[in-house]
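Numbering of the sequence shown is given in the working numbering, commencing with residue 36 and proceeding in unit increments.
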Amino acid sequence: MNIYFLGMCISMAVYIMVGAWVSRRIRTTEDYYVAGRRAPALLIAGSLIASYTSTGMFMGDASTFFQGAFTPMIILSSMQLAGYIIGAVFFGRYLRRSKVLTIPEFFGKRFCSKKMKNLAAITAVITMTVYLLATVQGIGTLMTVVTGVDYKLCVILALIVFSILTILSGSTGVLITDTMMAALFTGILVVATFIISWRTGGWFHSIAEIAASPQLTDYLSWKGQPGVIYDTGAENVAWGLIYGIVWMSVCMIGPWQSSRYLMAKSEHTVVRSALPAALGIFFLELLVGMSAVFVNLMHPDLDDPSHVLIWAAMNLLPKILGVLLLTGVLAAGISSATTFLSLIGASFANDILGKEKEHHIRTGRIFMVIASVVVLTFALTNPPSIFWIMFLGGAIVSAAWMPVALGCVLSKRLTKAGAFAGMLTGFLACFGMRLFQHFTGVTLPVWLDPSLFGMECNIVAMIIGSALTRVTSEETAARERMFVVPETERKKEDILGTLRNTKQIGVMGVFITVILLVLWAIPYLRATGRI
């Protein structure tokens, strides 16, 4: 056992102990699935950050940055910021107001349709299972590279840990451990990034070295390195814009993101948690991206690019910081895994089977075990493909859910038939095209990306379905109830506090623009002699 594996084992033991402690305080179904609806903004923001990141960011995204697709990835990261703001204001607070246990239940309640609830639940379970598979593969790969222990044993160990944590403590334990993990990997990544840049000659010197290298100069250019995603700069930028919309949609309405709002103690908490979550995710992506690019100056020939931060932790950082960074990456994976698993259990118990509430917790736990076994089987029998499996999950949820989620709040004309047709068509179109790509090996043009095509099909199906049917009086009443603000949300001091918070959004946009100019664009353009 090396020191890195020891650090991981200690952290996993701590998370299990926290889960056991929280489990003693669970009394009701709401305690288990939505944390009693009393979580403060700190826990909501921490869980939003932790459930988003996972090994997908620290291994999948890092791999893409390392290979030279910095600009399309940073375009994507900048656009997804808006997802948290739009999602909280135009979806999250109505979701919180509905007092449901799951998002599929919200869709069913809004359209007065059990079929709608079931369809949303099925698409959610498929999406979260896919994403959970990517996370488990990432955790197993991380532990194997660090320890030399067989990949299968690492996957089994990790799955046992996060399954115990989730099954014992439910959403309350997930919120608490998510926030602990987010604090750990955010803090250590900030320190690690600047040490990595110091080891490669300093932040601005490293950018100049990359710009001067014939092999690396495109890594930080507007077009990116040809062939990593697409062969031309225009296609790479278009890909960044398209997947910016996809991941903006995920941050708006993705079940592992927007479900956090169900746990908030008020609608004001929902809105106030969005800004720190958006900033946190952006800066994590920026730090991961620059760290990965800088490693090219030390070791450009990594056998597996997804191991770039693992290599940096074990070779460029002081040992204790390396241990903390790898423990943080593990924490990111476990935090996401607990979120996905808890939501899978909730969807089965509450939405698909529709058990009585007194049996929800037991039924949910049973299906969490079943989901764990299914994911374990796929993880052990399929080679890891973290980045693309993760993007499959994001693409499906954006294609199936995003137009319907916004439409159910903003549109008076959207009918249950239109919503059902849109969600089903978007899901099938995106999933079908992804399967076609996988089995044929065909690279589709960027404008025919499955996620974009799925969203377009969703919108067309919604329009046609709603044109052929009428909005019922029940649906009209259900939508009108969504806009009735509870008395508890009308306190003047809370409203003023939330308004002050929203005024900071413009400041955030300016701040991020300045950061990108100062830390990336201007130094790179100077080094290439363009300014």
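The beta-carbon is built from N, C-alpha and C at its ideal position, and this holds for glycine as well.
Tell me whether the beta-carbon of residue i lies closer than 8 Å to the beta-carbon of residue j.
i: Thr373; j: Phe197; result: yes
i: Thr164; j: Ala406; result: yes
i: Ile231; j: Phe142; result: no
i: Ala496; j: Thr450; result: no
i: Met92; j: Leu361; result: no
i: Ile314; j: Met543; result: For the record, residue 314 in the displayed sequence is Leu; it is not Ile. Cβ atoms of Leu314 and Met543: closer than 8 Å.
i: Met287; j: Gly81; result: no
i: Ser98; j: Pro335; result: no
i: Met325; j: Leu351; result: no
i: Gly127; j: Val408; result: no
i: Asn331; j: Thr106; result: no
i: Gly368; j: Thr179; result: no
i: Gln292; j: Ser86; result: yes
i: Leu388; j: Gln539; result: no
i: Ala246; j: Tyr559; result: yes
i: Arg132; j: Pro521; result: yes
i: Ile557; j: Leu321; result: no
i: Val481; j: Ile157; result: no
i: Thr176; j: Leu376; result: no
i: Ala159; j: Leu378; result: yes
i: Gly54; j: Ser204; result: yes
i: Ser433; j: Ser501; result: no
i: Leu297; j: Leu130; result: yes
i: Ala155; j: Met437; result: no
Is it right to say residue i is buried, meaning 16 or more other beta carbons lie within 10 angstroms of its own, or is it exposed?
i: Gly222; result: exposed
i: Met52; result: exposed
i: Asp338; result: exposed
i: Trp282; result: buried
i: Glu510; result: buried
i: His342; result: buried
i: Asp253; result: buried
i: Lys152; result: buried
i: Gln115; result: buried
i: His303; result: buried
i: Pro353; result: exposed
i: Leu470; result: exposed
i: Phe546; result: exposed
i: Glu140; result: buried
i: Gln102; result: buried
i: Asp386; result: buried
i: Glu65; result: buried
i: Phe518; result: exposed
i: Val225; result: exposed
i: Ser284; result: buried
i: Ile138; result: buried
Per DSSP, residue i is paired with what?
i: Ala299; result: Ala74
Quick check: the Cα distance between residue i and residue j, rounded to an integer number of angstroms?
i: Ile396; j: Ala384; result: 8 Å
i: Asn37; j: Thr182; result: 7 Å
i: Thr475; j: Cys189; result: 32 Å
i: Ile421; j: Leu167; result: Residue placement at Ile421 is poorly supported in this model, since its pLDDT is 49, which falls under 50; the coordinates are not used for a value here.
i: Ser206; j: Ile242; result: 43 Å
i: Ala348; j: Leu483; result: 38 Å
i: Ala454; j: Ile498; result: 9 Å
i: Ser113; j: Gly279; result: 8 Å
i: Thr412; j: Ile401; result: 17 Å
i: Gln472; j: Asn493; result: 20 Å
i: Ala74; j: Lys300; result: 5 Å
i: Trp257; j: Ile550; result: 17 Å
i: Gly236; j: Lys527; result: 53 Å
i: Thr548; j: Ile264; result: 25 Å
i: Val404; j: Val323; result: 33 Å
i: Ala381; j: Ser294; result: 11 Å
Could you confirm whether any beta carbon from chain D is found closer than 8 Å to the beta carbon of residue i?
i: Val358; result: Protein chain content of the structure displayed is limited to a single chain, and chain D is not contained in it.
Subject >> Every unbroken alpha helix (DSSP H) within the stretch 368–417, with a cutoff of 4 residues, ordered by chain >> reply: 395–416
Original post:
Hey, which unbroken runs of the alpha helix (DSSP H) at 4 residues or more fall wholly within the stretch 60–148?
Top reply: 64–69, 76–90, 97–101, 105–122, 128–132, 138–146
Original post:
In the stretch 444–477, which residue ranges form an unbroken alpha helix (DSSP H) of at least 4 residues, counting only runs that do not cross its ends?
Top reply: 451–475
Subject >> Complete runs of the alpha helix (DSSP H) confined to the stretch 265–335 [at least 4 residues] >> reply: 268–288, 290–293, 302–330
Subject >> Uninterrupted alpha helix (DSSP H) stretches inside the stretch 496–535 (no shorter than 4 residues) >> reply: 508–517
Subject >> alpha helix (DSSP H) segments (min. 4 residues) lying fully within the stretch 219–268 >> reply: 238–247
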